[in-house]
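To keep things clear, I will list the structure first and then write my remarks on it.
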Amino acid sequence: MPTRREVSPSVEVSGLTKLFRDFTAVDRISFAVQRGEVFGFLGPNGAGKTTTIKMLCGLLLPSSGWGRVAGYDIVLEPEQIRARIGYMSQRFSLYQDLTVEENLDFYGTIYGLESKRLKERKEFILRMAGLLGKERTFTSALAGGWKQRLALGCAIMHQPEILFLDEPTAGVDPGSRRIFWEFICQLSREGVTVFVTTHYMDEAEHCDRLAFIHQGRLVALGGPQELKSREMKGRLLELDCGDAIRALDLVAATEGVSEVALFANTLHLIVNSLEEAGPKIQEVLKKKGIAINSLKPIPPSLEDIFVSLIE
1 MPTRREVSPS VEVSGLTKLF RDFTAVDRIS FAVQRGEVFG FLGPNGAGKT
51 TTIKMLCGLL LPSSGWGRVA GYDIVLEPEQ IRARIGYMSQ RFSLYQDLTV
101 EENLDFYGTI YGLESKRLKE RKEFILRMAG LLGKERTFTS ALAGGWKQRL
151 ALGCAIMHQP EILFLDEPTA GVDPGSRRIF WEFICQLSRE GVTVFVTTHY
201 MDEAEHCDRL AFIHQGRLVA LGGPQELKSR EMKGRLLELD CGDAIRALDL
251 VAATEGVSEV ALFANTLHLI VNSLEEAGPK IQEVLKKKGI AINSLKPIPP
301 SLEDIFVSLI E
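Note that our numbering has the sequence shown beginning at 1, numbered continuously upward.
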């Protein structure tokens with residue numbers, strides 16, 4: 001018969017809360033992450049993502065609520081948890097004055113890998129991360145994307161069953177971000193549970209399930225397609241016009257428009273009815289000399305759903 005730890009979710013929390021004096025950083029959140037799942041924890045900066053990860057890794061005590069990681073209590077059994085997880089922090093935490101190989105040796109030693117196993121894992125990570133030939137390069141000389149690959153490699157030296165990644169691609173170029181997510185998906189296929197925080201909504205498409213957090217509270221939970229299929233309060237339109245920034249406030253004040261958000265060079269707006277709001281939007285912008293290139297219904301993206309939820 002399997003043990004409780006073998007059948008339990010990789011991560012499970014209920015009512016998890018963290019207060020810093022009068023400020024509530026995390027507010028009674030509850031969710032579970034299944035084994036081998038890529039679980040995206042999404043939200044803007046300051047939403048409570050990093051605080052949540054630190055509590056789950058046993059680095060920060062919750063104010064109330066409870067949580068289990070790998071079947072162990074985050075308050076009572078943090079040492080057991082730390083032996084079974086990998087953690088890549090939001091800020092680059094490797095030693096800049098060590099070479100690539102020296103950083104891998106250092107973390108392998110910390111995790112208690114014996115010489116033969118250390119050599120095997122080091123060779124695997126150098127191949128996986130594309131760092132072969134860079135073993136003697138000082139970490140400070142690596143570009144941002146290479147540093148992140150090295151940081152991921154150090155986090156999985158001991159083959160953890162659960163991997164926590166806190167904003168792993170922040171400040172990394174799009175090409176490196178794509179490669180990094182290929183690594184994440186490969187780890188998931190090998191049975192590793194990946195808990196990843198990000199504020200890049202396009203990265204969320206790679207996750208099996210998502211949790212949206214805003215101002216410390218969980219506002220949505222589900223798979224990417226499930227969340228995008230949720231009904232929004234109104235019709236979503238895309239407005240492409242000559243001056244989106246100047247049009248933003250004008251459109252927001254137009255009768256029949258409930259929400260407006262800037263997306264690159266266009267506006268996404270929610271209206272009660274295209275037939276009613278469309279002519280009014282055109283009239284308002286025409287009076288201000290702003291040309292409309294197109295105004296059309298579009299399917300909602302994850303970012304649209306998130307903006308609608310927090311509004």
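From the three backbone atoms N, C-alpha and C, an ideal C-beta is built for every residue, glycine too.
- When only Cα atoms are considered, residue 133 and residue 85 end up about 28 Å apart.
- Within a 10 Å sphere around the beta-carbon of residue 143 sit fewer than 16 other beta-carbons, which makes this residue exposed.
- Partner residues in the beta bridge of residue 39, as assigned by DSSP, are 195, 209.
- Secondary-structure assignment with DSSP links residue 88 through a beta bridge to 165.
- In this structure, the CA atom of residue 156 is about 8 Å from the CA atom of residue 163.
- For residue 80 and residue 298, the gap between their C-alpha atoms comes out near 48 Å.
- According to DSSP, residue 297 shares a beta bridge with 237.
- Per DSSP, the unbroken beta strand (DSSP E) holding residue 14 starts and ends at 11-20.
- Cβ atoms of residue 194 and residue 161 stay farther apart than 8 Å, at about 11 Å.
- Here residue 266 is near residue 238, since their CB atoms are less than 8 Å apart.
- The beta carbon of residue 89 sits closer than 8 Å to those of 166, all from its chain and outside the five residues before and after it, given in chain order.
- C-alpha of residue 150 to C-alpha of residue 218: approximately 32 Å in a straight line.
- In the structure shown, residue 141 falls within a helical segment according to DSSP collapsed to helix, strand and coil.
- For residue 243, DSSP records no beta bridge to any residue.
- No residue range can be given for residue 173, since it is assigned to no alpha helix (DSSP H) and is classified by DSSP as neither H nor E.
- Taken through DSSP and simplified to helix, strand or coil, residue 269 comes out as strand.
- The beta carbons of residue 153 and residue 227 sit no closer together than 8 Å.
- Under the three-state reduction of DSSP, residue 254 is assigned to coil, being neither helix nor strand.
- The C-beta distance from residue 258 to residue 278 rounds to 14 Å, too long to meet the 8 Å contact threshold.
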